[in-house]
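Reviewing the structure listed below.
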Amino acid sequence: MVLSVFPGGVTLDPIAQRLLETVRQELGYKEKSGQFTKFGQWYADRVQDNQFRNAPWCDMFLAWAADKSGLTPYVGEFAWTPSHAAWFMKQGAWSQRPEPGALVFYDWRGGKSYKGIDHVGIVERVKGKKIHTIEANVDGVWLKRKVRETDKVVGYGVPRLVKANADRAGEIPGTEQPFVRPPQSATGVSSPLDFLGTPPALLAAMVLATVLLSLRFTRRRGIHRRFTWPWPVAWPWNEPDGPGGTEEAEARRPAPIPETFRGKLTRVGAPPVPRQQRKPSRPGGRPEEPEQPRGREPETARARERETAGARERETAGARERETAGAREREPVRVGGGPGPEAKAQKAQKDTGAAVARHSTPSRRKPYDPR
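Heads up: the sequence shown begins at 245 in the numbering used here, then just goes up one per residue.
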């Protein structure tokens, strides 16, 4: 079979003739529902992957035709068009000139890189600037003839050049599977657990851990409040240098703490003193002092009480001695008689501790009383 495709005529090689005869027998094939084709089923069984049963089938149809014609080593066996074009480049069988039996690769965006290839067919003949092809999966569901412009063509893969290069090298190249599989649509369902492991989730976990640790240590340490006195307190470290200090230091010395509040000062860090309740007043109208808890009475308070009690005893003893001495000076001396009535009254007053009022009442004298 001779086709005049270029000026002067071209003889069709046996590989192209045999491949075109197989392809023409399938003209008019239409894919079934769900994009199912017998070519996709054949390829899925070939590579043991069912995803190709319903995949785009333009390149799988050519793989099926090459296998049926016994031309797989020269045509290739692929399902993804960029991988098929890269295989022809590797075999040294990539061309920019169309010829019958060559596989034509398209990029509908007009690119010239094999990575952007979208579609493939087989050239049946060339007429002028147009090519007549047989393509699968065109117009949605058909395997049919098409007439194409060459502006969308990226290049041509020529099976006869694959055979020529193999004969020159003394070996037949084996076909290869696609090095990149067709892109698949994501069908997985997102889960709320997918949020775990993301940077926002890790940041939230770190913030939560920091807050929990801070609360735990704050509760363990506790919170201490300091009482602010309404007057300056003269602490030891504020005392002026030297025994007497300078006039300037004496002027800066804070006022002394009132005696009423001196016993209520507590050192920082000392255990809290329980609140004391006041007892009812004594019968004389003098309120009793609050009872100090046992074992915690300050040494200063006890010493002050002892000192006050001793001073009172000494004062009472001195007063009694002075009163006794004055009474002795005023009492007249009676010769040959006992103490007079006034001395007896003073003695009774000294014994009872209270003044005794004497009244002039008639009394009977004993015969032996002196006049």
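Backbone N, C-alpha and C define an ideal beta-carbon position, used for all residues, glycine too.
Beta carbon of R396 nearer than 9 Å to that of Y350: Residue mapping note: residue 396 aligns to position 152 of the sequence shown, counting from 1. Residue mapping note: residue 350 aligns to position 106 of the sequence shown, counting from 1. Inspection of the sequence shows that residue 396 is occupied by Lys rather than by Arg. In contact: K396 and Y350 (Cβ atoms closer than 9 Å).
K390 versus Q292: straight-line alpha-carbon distance, rounded: Taking the first residue of the sequence shown as 1, we reach residue 390 at position 146. Taking the first residue of the sequence shown as 1, we reach residue 292 at position 48. For K390 and Q292, the gap between their C-alpha atoms comes out near 32 Å.
Simplified DSSP state of A449, which is helix, strand or coil: Along the sequence shown, one-based indexing puts residue 449 at 205. DSSP places A449 in helix when its eight states are reduced to three.
Reference P326; option with closest CA among P317, G336 and D303: On the sequence shown, residue 326 is found 82 positions in, with the first residue counted as 1. Nearest C-alpha to P326: D303.
Status (buried if at least 16 other CB within 10 Å, exposed otherwise) for G284: Mapped onto the sequence shown, residue 284 falls at position 40. Answer is buried; the Cβ neighbour count reaches 16.
Residue environment, G320, which counts as buried when at least 16 other CB atoms sit within 10 Å: In the sequence shown, counting from the first residue as 1, residue 320 sits at position 76. With 16 or more other Cβ atoms within 10 Å, it is buried.
Per-residue burial, L204 [other beta carbons within 10 Å of its own, 16 or more giving buried]: As displayed, the chain neither begins before 245 nor continues past 615, which places residue 204 out of reach and without an answer.
Alpha-carbon to alpha-carbon, G365 and L315: As a position in the sequence shown, residue 315 is number 71, starting the count at 1. As a position in the sequence shown, residue 365 is number 121, starting the count at 1. Taking the straight line from one Cα to the other gives about 16 Å.
Secondary structure of Y612, DSSP reduced to three states: Numbered from 1 along the sequence shown, position 368 holds the residue referred to as residue 612. For Y612, the pLDDT reaches just 48, beneath the cut-off of 50, and the residue's location in the model is therefore unreliable, although a value from the coordinates is still provided. Y612: coil per DSSP, three-state reduction.
C-alpha distance - P317 paired with D362, whole-angstrom precision: Within the sequence shown, the letter at position 73 stands for residue 317. Within the sequence shown, the letter at position 118 stands for residue 362. Those two C-alpha atoms are separated by around 23 Å.
Three-state secondary structure (DSSP) of G562: Residue numbering aside, residue 562 sits at position 318 when the sequence shown is read from its first letter. Here G562 sits in helix by DSSP.
C-beta atoms of A408 and L306 nearer than 9 Å: The count along the sequence shown starts at 1 and reaches residue 408 at position 164. The count along the sequence shown starts at 1 and reaches residue 306 at position 62. Cβ distance not < 9 Å, so A408 and L306 don't count as in contact.
Beta-carbon proximity of V370 to E393, cut-off 9 Å: Taking the sequence shown and counting its residues from 1, one reaches residue 370 at position 126. Taking the sequence shown and counting its residues from 1, one reaches residue 393 at position 149. The answer is no: Cβ separation not under 9 Å.
Boundaries of the alpha helix (DSSP H) in which G284 is found, first to last residue: As a working mapping, residue 284 is identified with position 40 in the sequence shown. Residues K282 to V291.
Beta-bridge partners of S357, as assigned by DSSP: Here the question's residue 357 lines up with position 113 in the sequence shown. Answer is none; S357 lacks a bridge partner.
Cβ neighbours of P403 in the same chain (closer than 6 Å, five flanking residues each side left out): Along the sequence shown, read from residue 1 onward, the residue named residue 403 stands at position 159. Cβ within range, chain order: I259, Y318 and V319.
Within 9 Å, strictly: CB atoms of V385 and E275: Start at 1 with the first residue of the sequence shown, and residue 385 comes out as number 141. Start at 1 with the first residue of the sequence shown, and residue 275 comes out as number 31. Yes, these two residues count as a Cβ contact at 9 Å.
For W308, the three-state DSSP class (helix, strand or coil): Here residue 308 refers to the residue found at position 64 of the sequence shown. Here W308 sits in helix by DSSP.
Assigned exposure category for R297 - 16 Cβ within 10 Å defines buried: Residue 297 sits at position 53 when you count from the first residue of the sequence shown. Per the 10 Å Cβ criterion, buried.
Coil, strand or helix - R341 by DSSP: Here residue 341 refers to the residue found at position 97 of the sequence shown. In this structure, R341 counts as coil in the three-state DSSP scheme.
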